[in-house]
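S.K.: For this note's numbering, count along the sequence shown from 1 and bump the result up by 463.
My structure is below; once you've seen it, I'll send some questions.
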Amino acid sequence: MSKREEVLRKQDKYLFPSVFAYYTEPLVIERGKGLYVYDTDDRAYLDFFGGILTIIAGHCNDRIVDVLIDQVRKLQHVSTLFPTIPQVELAERLASITPGRLQKCFFSNSGTEANETAIQIARAYTGQQEIIALRHSYSGRSALAISLTANSAWKTSTCGIPGIVHAPSAYCYRCPFEKSYPECNIVCARDLEELIQTATSGQVAAFIAEPIQGVGGFITPPKEYFSIVAEIVRSHGGIFISDEVQTGFGRTGGKWFGIEHWGVQPDVITAAKGMGNGVPVGATIATPEVADSLKGLTISTFGGNPVTARTAMATIDFIESENLLENARVVGDYLCEHLKELQERYPIIGNVRGMGLMQGVELVKDRETKQPAKDELNRLMDLTKDNGLIIGKGGLYGNVIRISPALTCTKREVDEAIRIMDLSFKQLR
Ligand SMILES: Cc1ncc(COP(=O)(O)O)c(C=O)c1O
């Protein structure tokens with residue numbers, strides 16, 4: 464039995480079947496370096512998904528790994544009962560790169576926990592309970608996060624926690640109001656007022672949204688959207704939580720956090736994924752008054768762990784010293800241009816959207832009816848994999864390609880990815 468077959472046999476036998484794998488023939492990855500990962504036969508694949516937008520500074524980045532190893536040898540764990548240098552330094556650093564008055568951090572291990580904490584502090588601060596989330600959103604896998612999530616495929620085995628309503632998403636390609644931008648007057652944002660008045664008691668604690676909806680298929684709202692919704696939610700006493708689990712740390716190009724593109728200052732930002740370039744870390748960063756409102760005790764055993772905190776710090780240092788915010792903007796624009804060229808050649812590409820190195824490509828059977836091309840995307844992914852490229856998948860209908868390479872990505876690597884996508888689209892015909 465080959466190494467690969469052995470892994471797949473054990474996966475089948477010892478893991479929950481809900482831990483699903485991409486591809487008809489799952490890919491077993493054994494090592495990674497930079498923009499590439501290698502399977503058990505040492506075949507190279509250009510990784511344009513980065514372990515779900517998490518490898519932000521390249522696989523096994525030497526500078527980050529050195530810091531991690533150094534910290535493991537020095538001090539691995541003491542818990543938050545003891546203040547540590549890595550935890551306070553990371554918190555200070557996050558306070559300096561997050562927009563507006565976000566100054567205080569609570570560290571955890573994942574995006575799910577970061578969002579849990581955000582909702583907890585929103586309720587404590589406002590004294591109100593109800594939460595508005597967005598359709599097509601993904602917030603994580605706890606009972607609360609599943610309830611916030613609005614994509615049926617991810618709402619496994621829960622009847623949901625009460626007190627959450629879902630506003631329409633600013634999904635221009637499939638406008639829920641069947642309008643077109645900009646004549647629509649951003650009706651999806653303005654609808655929030657009526658939603659609050661009709662579907663809640665008016666006691667809104669928070670509006671939580673991803674600047675670009677990740678799992679939802681890189682849905683990118685128009686530029687006016689967030690200022691309108693933030694104003695409405697604040698007029699009802701609620702706060703605005705920006706879930707930057709996918710969009711944080713330069714992913715969207717030019718800015719540290721996605722929401723900065725919309726010129727709106729959130730009251731809370733949640734982060735994870737790219738923050739640690741692959742180590743499990745989550746953070747909830749809030750204004751002092753929101754953070755201070757949480758009374759009583761709370762703890763995350765591994766939150767702010769010296770190893771993950773220093774790794775996150777090294778990741779931020781690397782992004783800054785290599786000017787990766789700018790690289791993500793320039794290379795992201797280049798990638799977007801080339802995806803749009805593919806769109807001209809392949810009618811199956813209905814829409815290209817995104818920012819920086821977070822680009823989505825929505826596949827449709829017919830550009831008029833926009834019928835989702837889900838099976839076609841599954842076949843395309845098998846083809847791109849066989850041709851040496853990893854891309855991601857998302858969207859309510861499973862028909863959106865998600866492209867999110869590490870921010871170290873060069874134009875040459877984009878050329879190679881586009882060449883493989885072009886070849887794979889040709890083979891799909
Ligand atoms: C926007 C967003 N928020 C939260 C989460 C949950 O993060 P985690 O899987 O680290 O719990 C995810 C995960 O994909 C996400 O995309």
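A virtual CB, placed ideally from N, CA and C, is assigned to each residue, including glycine.
Alpha helix (DSSP H) containing His-629: first to last residue?
M.R.: That residue, His-629, is in no alpha helix (DSSP H); its beta strand (DSSP E) goes 627-630.
S.K.: Within the same chain, show all residues whose beta-carbon is closer than 6 angstroms to that of Ala-630, passing over the 5 residues directly before and after it, in chain order.
M.R.: Cβ neighbours of Ala-630 beyond the five flanking positions: Ile-595, Leu-597, Leu-655 and Leu-658.
S.K.: Assuming Arg-816 is part of the beta strand (DSSP E), what are its boundary residues?
M.R.: That run of the beta strand (DSSP E) goes 812-818.
S.K.: When DSSP labels each residue in this structure, what does Cys-635 get in the three-state scheme?
M.R.: Helix at Cys-635.
S.K.: Is it buried or exposed for Glu-831, if we count other Cβ within 10 angstroms and need 16 for buried?
M.R.: Glu-831 comes out exposed.
S.K.: Rounding to the nearest angstrom, what Cα-Cα distance links Arg-882 and Ile-853 in this structure?
M.R.: Arg-882 and Ile-853: Cα-Cα distance of roughly 13 angstroms.
S.K.: In whole angstroms, what separates the C-alpha of Ile-515 from that of Pro-562?
M.R.: Those two C-alpha atoms are separated by around 24 angstroms.
S.K.: Using three-state DSSP, classify Pro-835 as helix, strand or coil.
M.R.: The answer is strand: DSSP assigns Pro-835 an E or B state.
S.K.: Which stretch, first to last residue, makes up the beta strand (DSSP E) that contains Met-738?
M.R.: Element bounds for Met-738: n/a, residue is neither H nor E.
S.K.: Is it the case that the CB of Glu-804 approaches a heavy atom of ligand 1 more closely than 7 angstroms?
M.R.: No, Cβ of Glu-804 sits at least 7 angstroms from all heavy atoms of ligand 1.
S.K.: Answer with buried or exposed for Leu-544, where buried requires no fewer than 16 other C-beta atoms within 10 angstroms of its C-beta.
M.R.: It is exposed - the Cβ of Leu-544 has fewer than 16 other Cβ atoms within 10 Å.
S.K.: Is the Cβ-Cβ distance between Gly-823 and Ile-864 less than 8 angstroms?
M.R.: Result yes, Cβ atoms of Gly-823 and Ile-864 sit closer than 8 angstroms.
S.K.: Classify Ser-643: buried if its beta carbon has 16 or more other beta carbons within 10 angstroms, exposed otherwise.
M.R.: Its Cβ having fewer than 16 others within 10 Å, Ser-643 is exposed.
S.K.: Can you tell me which of Leu-886, Asp-533 and Asn-850 puts its alpha carbon nearest to the alpha carbon of Asp-510?
M.R.: Of the listed residues, the one whose Cα sits closest to Asp-510 is Asn-850.
S.K.: For ligand 2, I want to know if Val-678 counts as a neighbour, meaning its beta carbon is within less than 7 angstroms of at least one of the ligand's heavy atoms.
M.R.: In terms of ligand content, the structure shown lacks ligand 2 and carries ligand 1 instead.
S.K.: For a test of your reading of the model: does the CB of Gly-603 fall under 7 angstroms from any non-hydrogen atom of ligand 1? Yes or no.
M.R.: Yes, the beta carbon of Gly-603 sits closer than 7 angstroms to at least one heavy atom of ligand 1.
S.K.: Leaving out five residues on either side along the sequence, give the residues of the same chain with a beta carbon under 7 angstroms from the beta carbon of Arg-842.
M.R.: Cβ neighbours of Arg-842 beyond the five flanking positions: Leu-891.
S.K.: Can you look up Ile-732 in the DSSP assignment and give me helix, strand or coil?
M.R.: Ile-732 falls in the strand class under three-state DSSP.
S.K.: Taking the beta strand (DSSP E) that Lys-473 falls in, what are its first and last residues?
M.R.: Unbroken run through Lys-473 is the alpha helix (DSSP H), 466-477; no beta strand (DSSP E).
S.K.: Answer yes or no: the CB of Ile-866 versus the heavy atoms of ligand 1, is any distance below 7 angstroms?
M.R.: Every heavy atom of ligand 1 is 7 angstroms or more from the Cβ of Ile-866, so no.
S.K.: Does the pairing of the region 581-593 with the region 663-673 give three or more beta-carbon distances under 8 angstroms?
M.R.: Enough Cβ pairs lie closer than 8 angstroms, so yes.
S.K.: Using the Cα positions of Glu-800 and Lys-466, report the straight-line distance between them to the nearest angstrom.
M.R.: Approximately 40 angstroms, taken between the alpha carbons.
S.K.: When we look at the beta-carbon of Asn-648 and count the other beta-carbons within 10 Å, is it buried (16 or more) or exposed?
M.R.: Exposed is the call here.
S.K.: Quick one: what does DSSP say Lys-618 is sitting in, helix, strand or coil?
M.R.: Coil, per DSSP.
S.K.: How would you label His-522, buried or exposed, when you count the other beta carbons within 10 angstroms and need 16 or more for buried?
M.R.: Buried, by the Cβ-count rule.
S.K.: Going residue by residue through the region 743-825, where are the continuous beta strand (DSSP E) segments of at least 3 residues, counting only ones entirely within it?
M.R.: Those beta strand (DSSP E) runs which fall completely within the region 743-825 and span 3+ residues are 745-749 and 812-818.
S.K.: Any heavy atom of ligand 1 within a distance shorter than 7 angstroms of the CB on Val-827?
M.R.: No.
S.K.: Express the C-alpha separation of Ile-609 and Ser-602 in angstroms, rounding to a whole number.
M.R.: Straight-line Cα distance between these residues: approximately 7 angstroms.
S.K.: From Tyr-809, Val-530, Leu-498 and Ile-671, pick the residue whose C-alpha is nearest to that of Ile-866; which is it?
M.R.: The option with the nearest alpha carbon to Ile-866 is Leu-498.
S.K.: Per DSSP, Ser-571 forms a beta bridge with which residues?
M.R.: In the DSSP output, where bridge partners are listed per residue, Ser-571 has Gly-745.
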